[in-house]
Amino acid sequence: MANILIVDDSGMSRKKLKTILENGSHTVVGEAQDGLEGIEQFKTLAPDLVTLDVTMPNMDGISCLESLLAIDEDARVVMISALGKGDTMLEALNLGAANYITKPFEAEQVLNAISDALNMD
Amino acid sequence: MKETIASLVETVRVFSIKEPGNAIHQHFEDNPASNGIVVMDNDGVPAGLVMRTHFYQMIGTQFGFSIYMNRPVELLMKRQILCLDIELDLAQFGFQTMNRQEDDVYDYVLIMKQGIFCGIVSISNFLMTMSEMKQRQIELLNSQQKILEQAHIQEQALRREIEIKNRSIKKLLDNADQGFLSFQQDLRIYEEYSSVCDDIFDRKIAHLNFGCLMEPFLDEKQHGLLINTLKSLFRQKNKARAKVFLSLLPSEFRAGNRYINIRYKIIAFEENRILMVILTDITDKKALEKKQDQEKNNIKLVLSAIQSRAEIRDAVADARRFFSREAAGLLGQDRPVQEMVKDLFREVHTMKGDFALRQMHDTALNLHSLEDRLSVMMEFPEGRSVNRLKAFLETICFDRMVKKDLDVIHDFMGATFLESDNRININAHRIEALVDAVANRFSGEDRQFLVHHINELTWPSLNGILTGYNDYIQILALKLGKSIGGFTVTGDNVYIDRSRYAGFLKTIIHMFRNIVDHGIEKPEDRSEKGKDETGRIQCEILKQDTCFTLTISDDGKGIDPDQIARIAVEKGIYSTARVSALSRSEIINTIFMDSFSTKQQVNMLSGRGVGLAALRGEIEALGGSIKVDAVTDYGTCFTIVLPDTATKNSRQD
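So the protein lines, in turn, are chains D and B. Here my numbering is used: position 84 in the first sequence is 84, and no number is missing along the way. Here my numbering is used: position 299 in the second sequence is 299, and no number is missing along the way.
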């Protein structure tokens, strides 16, 4: 289906996401622990889609999102929020994030958000 | 388009001012259609005008013929002429010509083209043309009217059709249980919405701004998010992307006592985007969920109570003590009021956490609202005096805060659940199995010690057994017309091997019977003596090294040694000489002797004289002892000493 890059500082979250995505027949091509690492991997791996945690050390999700879109304005980014729905998610969507998921997430929710993001334009 | 007079210009016969009148006459005779001529001066500029009717009027006057016929025309021509430019439009032309003197109104109008005379316009021709034009205009108007009329009919039909459609849609909407409303980017709600909406918002909502409409139902943050999300949603060109914003909009709100679920749908409408809002009343569903949650919480609370009974009991007792005593102590100190409030707040906050942990959510919720009130006081300390804080504290009733949760525990577990001891229920078979296992694994003294102690777990508490006599005492007291308060057992806890102490446990009832029957007086007798009408029984167990002492006392009339001595002699227990040699104590302990009864007549309850003797027999058989002490009108005290089976067993077995 799609090649996906996971950017999340929590190992547990990455593991859970990876399992869900692979069960949904996607390929996880890379895992990054913070925004900076995420940008590097995005450049080299050119994934179809990025899942991006909002709260991370070094570079937070919003800044990372801006950088990713600066590199590729058509980048498909799905935000992962532990802050629930709110102003931060509105900001992310306005900046150009394709969709978002709130933590704690379930498989169905994740796969729906990702397929919506992939079929967006 | 501007219509000029150019098309009306006719040529006309021109005469020089020197021509004689008969030349004009000749012209009119030869040209009956000519109604006038123009007279030019020597420079070729129009100097006058001769109209046929005017010419013959002048000729027809007395001497007119002789005056004008052979003399130059300039004598009879009209010098008042109207010269107009060919570019003049018809309306202006009409206005100017009709504005002439009444006599001149029908005179030719001279037309100039770039300052040079080029012809005339006759008024009859002008009027004819005008009326023809009017006719054409009227015809045009008529045909336009016809077209308009037809269009109007069509429009009416269309409008009716739309109206019917709208009405049927509205009817559909109105009959749905849901509220439907919609708006565009300006957030103004369309007139077409279902009547359920009026119901939900308690007002007519047509043309209102959706953001303003929702404001009272959302907190500031939610409302801000709603407004900003709607802005983004309408701005977003891509429909799929716009759809993602929908999930940021509020999905539920509370209107009065009703819970309303909101769903949103984007509808494309020509160039514009319409947002449809679907409102569903979910109050009933919510109430059911709440009830289910409540039941779930109750079960959790009961489970928590079973698991941590002592902790809950202590937490309740601590909180009760805090509000009734310790809180007031906090206020007694000489410090700023604000700090006192802060301390109170901290205590209440900790307490809240404690109760929440124990699943006592209603209590926690009540403490939470108290915490809210305290935090308001912390923020606005003005006007807070210690006295007002004290008064505030006095309004707090912890028992009321904890009541609902305690009621749940009591309903499920019985009213005394929290008050009773920590108990666990273990199946007797498991203990037997444990004894077997221990017996197999250990030997000698260890085995005896362990088996004994495990068995001891199954022994009942003497305290519990004695407390159980309360009911019996009450029934007995009622029968005898006495009032006796309930007693508790104080002192140490003693567990006894029921099989070994069976005889004692069976006969101790005689002692209680004796106290009720002989010890405690009737209420009227008690009040005569200045005592409380209700008699009291006290019971205490004290553990010693290898035995325990059980004292049971009452505040009754005591034992009269003289009466005992007399009866003892009467019954032949002692001789008169022997009785007088006995101490007071020895005499009153006669009541434990076989066949003694102080009652004159044997009654059903006590007095057969066997009860206390039987008790003494059982006690002595166990290797114990019983004695009685009494002070007249102050009370009686039975002291029973028994070997502690626990220690006895461990040594003897």
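Here a beta-carbon is modelled for each residue, glycine too, at the ideal position from N, C-alpha and C.
Terminal residues of the alpha helix (DSSP H) in which D/D53 lies: Segment L49 to D53 is the beta strand (DSSP E) holding D/D53; no alpha helix (DSSP H) there.
Identify which residue in B/H152, B/G624, B/Y501 and B/T632 has its Cα closest to the Cα of B/T639. B/G624
Indicate whether at least one CB of chain D lies closer than 8 Å to the CB of B/A240. yes
If you count every other CB in all the chains shown that lies within 10 Å of the CB of D/L90, and 16 or more means buried, which is it? buried
I believe B/I541 touches B/N463 by the beta-carbon criterion, under 8 Å. Please report the beta-carbon distance rounded to the nearest angstrom. 6 Å
May I ask you to list, following chain order, the residues of the stretch 243–257 of chain B that have a beta carbon less than 7 Å from some beta carbon of chain D? V244, F245, S247 and L248
Could you tell me the distance, in whole angstroms, from the CA atom of B/I164 to the CA atom of B/E3? 49 Å
Please confirm if B/N228 has its CB atom under 8 Å from at least one CB of chain D. yes
Beta-carbon contacts of B/D362 that lie in its chain and below 6 Å, excluding the five residues immediately before and after: Around B/D362: K404 and D405.
Which one of B/D30, B/K170, B/E29 and B/V38 has the shortest CA to CA distance from B/E10? B/V38
Since B/L288 meets chain D, which of its residues come closer than 9 Å, beta carbon to beta carbon? Within 9 Å Cβ-Cβ: nothing; B/L288 doesn't reach chain D, min ~24 Å.
Reduced DSSP category for B/G48 - H, G, I as helix; E, B as strand; rest coil: strand
Rounded C-alpha distance that separates B/V602 from B/R526: Reliability of the predicted coordinates at B/V602 is poor, the pLDDT of 42 falling under 50, and the value obtained from them is presented with this limitation in mind. The alpha-carbon atoms of B/V602 and B/R526 are separated by roughly 24 Å.
Quick check: the Cα distance between B/A157 and B/R167, rounded to an integer number of angstroms? For B/A157 and B/R167, the distance between alpha carbons rounds to 15 Å.
Interface positions of the stretch 92–106 of chain D facing chain B (Cβ-Cβ less than 8 Å), listed along the chain: Within the stretch 92–106 of chain D, the qualifying residues are L93, N94, A98, N99 and Y100.
Whole angstroms are fine: how far does the CA of B/F126 sit from the CA of B/I138? In this structure, the CA atom of B/I138 is about 18 Å from the CA atom of B/F126.
B/P561 versus B/I587: straight-line alpha-carbon distance, rounded: Taking the straight line from one Cα to the other gives about 6 Å.
Compile a chain-ordered list of the residues in the stretch 79–92 of chain D whose CB is closer than 7 Å to at least one CB of chain B. K85, G86, D87, M89 and L90
Does DSSP classify B/I559 as helix, strand or coil? Note: B/I559 maps to coil in three-state DSSP.
Classify B/V277: buried if its beta carbon has 16 or more other beta carbons within 10 angstroms, exposed otherwise. buried
Let me check one thing: in DSSP terms, what residues is B/I509 bridge-paired to? According to DSSP, which records beta bridges pairwise, B/I509 is partnered with nothing at all.
For B/S16, write down the residues that DSSP places opposite it in a beta bridge. B/M40
Would you say D/M120 faces chain B, with C-beta separation under 8 Å as the test? yes
From the DSSP output, in three-state form, read off B/L82 for me. Three-state result, B/L82: coil.
Against chain D, with Cβ distances strictly below 8 Å, would B/L225 count as a contact? yes
So what does DSSP say about B/Q185, is it helix, strand or coil? coil
Check the Cβ of B/S232 against every Cβ in chain D and list those closer than 9 Å, keeping chain order. When 9 Å is used as the limit between beta carbons, B/S232 is near these residues of chain D: L90, L93 and N94, in chain order.
Where the alpha helix (DSSP H) containing B/G481 begins and where it ends: Note, B/G481: premise wrong, no alpha helix (DSSP H); not H, not E.
Cβ contact check for the stretch 52–67 of chain D and the stretch 76–83 of chain D: 3 or more pairs under 8 Å: Short answer: they touch.
Residue span of the alpha helix (DSSP H) that contains B/I123, given as start and end: I123 to N175
For B/M351, count neighbouring C-beta atoms within 10 Å of its own C-beta (all shown protein chains included) and say buried if the count is 16 or more, exposed if not. buried
Using 8 Å as the Cβ pair cut-off and three pairs as the minimum, do the stretch 410–418 of chain B and the stretch 426–441 of chain B touch? no
Chain-order list of residues whose beta-carbon lies under 8 Å from that of B/K390 (same chain, five-residue window excluded): A328 and L331
Which class does D/D9 belong to by DSSP, given the choice of helix, strand or coil? coil
Sub-8 Å separation of D/Y100 and D/A92 beta-carbons: yes
Tell me whether the beta-carbon of B/K557 lies closer than 8 Å to the beta-carbon of B/G519. Taking 8 Å as the cut-off, the Cβ atoms of B/K557 and B/G519 count as close.
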